[in-house]
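Visitor: Residue 1526 in the working numbering is what sits at position 51 of the sequence shown, and the numbering runs on without skipping anything. All C-beta atoms, glycine included, are put in the ideal place defined by N, C-alpha and C. It should be emphasised that the depicted structure is a prediction, and the values quoted were computed from it without experimental measurement.
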Amino acid sequence: MSRISKILLFLAFSLFLSGMKISEPLWGFFGHKKINRMAVFTLPPEMLGFYKKNIDYITEHSIDPDKRRYNTDYEAIRHYIDLDVHGELPFDHLSRELSEAIAYNSQIFLVNERSDSTLILDTKKHNSAKTNYMESAKCKIQKEQFLAWNKEVIRYDQREEYSYEFELGSLPEWLSVKSRSAKGKIVVVDKFSEYGIAPYYIESMFSKLKYAFSELDGKRILQLSSEIGHYVSDIHVPLHTTQNYNGADTDQLGIHAFWETRLPELYADSQYDFMVGKAEFVSDQREYIWVTLLESHRQLEDVFAIEKELSQSYPTDQQYCYEERNNRTVRLECEEYARAYHEKMNGMVEQRMRKSIHGVGSIWFSAWVLAGQPDLSELIQDINYGEAERKLAKEAQYKPSEIKGRKHTN
Ligand SMILES: [Zn+2]
């Protein structure tokens, strides 16, 4: 194949991939931007000035985490957690500490010189509360030390390691292999993270935001506020808490974008009330995150059952319509059909969006309070923007009276 045709093929493939990205399920760029923007208005006067001044940054950068998920492997798992993989409500046996959750969802393999691997211990199956070790016929792990080791190796940022190797001759003290004749290496594989780490990641971001406030690092405060806003919103979406996130297991493919993109785009601006009151101090962030997550998970039953009932009773040829978007023809749920689903859910999408807005504002507020309520007023002048941000900031400086033409509705 010629070099040119290789390049063309590559380009075609890239376009194909970028086409896929658009239909990938997300709260929707629309929803995330809206939530971050409205969250600003929940803030107390001491924070409001700074956030309002930078409201366009906060709005636009709400979708950075979604953009990033196509470029790196470590990003996607931060947006969800497949709770149903980990048991049943209220998931008491699922550790709220990431390193511990991983330690109890790991597999230990023996890999011989020909690269054949044998599973010698699955911590999920061998975790008994009564002993201080986990043991199979071929392997034994000291629990306490294994937990400590996990705590040390688990990194939240740009994590690309999901397995760790040890030569048989130099095993860590917490791990012993029973066969003396075994050769090769031992590989410890994290079987937890692939099912999502959203609640844990939000906690780690919260600490960073708190730190940014205490350092009065304006740029960092804005970046972290924008992004934590994204993740907090994500855990408000029921479909971000299940393995059946896009209805594939129940023959409801596409339900994700239907719920979190199509419906808000149709109804948020015209029907939803986004006045959600003042941000509140969240004293226990972990508690808040998990209560929110379990609330989302409880709503799954309705999300699926109502759509199922509707799709079976509604005329099939009136469920999907074709619309032109960005010069592409896209298949979407027809407006009438969407309205029927929306009405049957009785305000669920609006409620989750309202809770997201209030939650995002409350998380920002709490990080600021815990950082000692630093004075943000001097930051207003001092942000060193990059070129794109500078342009946004300039646009944000226009007073309403200077806007020409019709005022838009949002
Ligand atoms: Zn997301």
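#1: Just to check, is the beta-carbon of P1565 closer than 7 Å to a non-hydrogen atom of ligand 1?
#2: If you pair each beta-carbon of the segment 1823-1836 with each one of the segment 1502-1516, do three or more pairs fall below 8 Å?
#3: Specify the secondary structure class of V1664 as computed by DSSP and reduced to three states.
#4: Kindly examine ligand 1 and report whether one of its heavy atoms sits closer than 7 Å to the Cβ of H1705.
#5: Our contact map puts K1694 next to K1653 with C-beta atoms below 8 Å; I'd like the distance itself, whole angstroms only.
#6: Leaving out five residues on either side along the sequence, give the residues of the same chain with a beta carbon under 6 Å from the beta carbon of I1550.
#7: Going by the beta-carbon positions, is the gap between V1824 and W1765 smaller than 8 Å?
#8: Excluding sequence positions up to five away, which residues of its chain have a Cβ less than 8 Å from the Cβ of S1771?
#9: For D1548, is the beta carbon positioned less than 7 Å from some heavy atom of ligand 1?
#10: Taking the beta carbon of Q1774 as the centre, do at least 16 other beta carbons fall within 10 Å, making it buried, or is it exposed?
#11: Keeping to the same chain, check which residues put their C-beta closer than 6 Å to that of Q1617; ignore five residues upstream and five downstream.
#12: DSSP state of S1689, grouped into three classes?
#13: Answer yes if the segment 1525-1536 comes into contact with the segment 1687-1701, meaning at least three C-beta pairs across the two stretches below 8 Å, and no otherwise.
#14: Using a Cβ distance threshold of 8 Å, determine whether the segment 1566-1578 contacts the segment 1669-1689, with at least three qualifying pairs required.
#15: Can you list the alpha helix (DSSP H) stretches of 4 or more residues lying completely in the segment 1680-1756, in chain order?
#16: So, using beta-carbon positions, are P1586 and K1660 closer together than 8 Å?
#17: Could you tell me which whole beta strand (DSSP E) segments of length 3 or greater appear in the segment 1769-1818?
#18: Just checking my contact of E1588 with K1658 at CB under 8 Å: how many whole Å lie between their CB atoms?
#19: So, are the CB atoms of F1681 and A1842 less than 8 Å apart?
#20: Quick one: using the 10 Å Cβ neighbour count with 16 as the cut-off for buried, is S1852 buried or exposed?
#21: Is F1584 helix, strand or coil when you go by DSSP?
#22: Following a CB-centred definition, is H1554 positioned closer than 7 Å to any heavy atom of ligand 1?
#23: If you measure between the beta carbons of V1751 and I1696, is that distance less than 8 Å?
#24: How big is the Cα-Cα spacing for R1655 and D1597?
#25: For F1566 and I1556, what's the separation of their Cα atoms in angstroms?
#26: What is the rounded straight-line gap between the Cα of A1604 and the Cα of S1668?
#27: Which term fits H1817, buried or exposed, when burial requires 16 or more other beta carbons within 10 angstroms of its beta carbon?
#28: What is the C-beta distance between Y1797 and R1803, in whole angstroms, given that I count them as a contact (C-beta under 8 Å)?
#29: Residues in its own chain within less than 8 Å of K1496 by CB, not counting five upstream and five downstream?
#30: Would you mind giving the Cβ-Cβ distance between L1691 and L1854, rounded to the nearest angstrom? I have them listed as a contact below 8 Å.
#31: Measuring CA to CA, which of S1581, D1850, N1801 and K1819 is closest to S1638?
#32: Less than 7 Å between the CB of P1540 and some heavy atom of ligand 1, yes or no?
#33: Determine the extent of the beta strand (DSSP E) in which D1591 is found, giving its start and end residues.
#34: Within the same chain, show all residues whose beta-carbon is closer than 8 Å to that of Y1720, passing over the 5 residues directly before and after it, in chain order.
#35: Rounded to whole angstroms, what's the CA-CA distance from Y1686 to A1846? Just pull it up for me.
Guide: A quick look at the data gives this:
#1: no
#2: yes
#3: strand
#4: yes
#5: With a Cβ gap of about 54 Å, K1694 and K1653 do not count as contacting.
#6: Contrary to the premise, residue 1550 reads as Glu rather than Ile in this sequence. Cβ neighbours of E1550 beyond the five flanking positions: R1543 and R1544.
#7: No. Outside cutoff.
#8: I1710, H1711, V1712, P1713, H1715, T1716 and R1827
#9: no
#10: buried
#11: Y1608 and W1649
#12: helix
#13: yes
#14: yes
#15: 1693-1709 and 1738-1746
#16: Contrary to the premise, residue 1586 reads as Val rather than Pro in this sequence. Contact flag set, yes.
#17: Given a length threshold of 3 residues, each whole run of the beta strand (DSSP E) inside the segment 1769-1818 is given here in chain order: 1795-1800 and 1803-1808.
#18: 6 Å
#19: yes
#20: exposed
#21: strand
#22: Yes - ligand 1 has a heavy atom lying nearer than 7 Å to the Cβ of H1554.
#23: no
#24: 20 Å
#25: 12 Å
#26: 22 Å
#27: buried
#28: About 10 Å; that fails the 8 Å criterion.
#29: Residue placement at K1496 is poorly supported in this model, since its pLDDT is 37, which falls under 50; the coordinates still yield a value, given next. Beyond the five residues adjoining it in sequence on each side, K1496 comes within less than 8 Å, by CB distance, of Y1545 in the same chain, given in chain order.
#30: 6 Å
#31: S1581
#32: yes
#33: No beta strand (DSSP E) contains D1591, which DSSP labels as neither H nor E.
#34: P1500, Y1555, D1557, L1714 and H1731
#35: 7 Å
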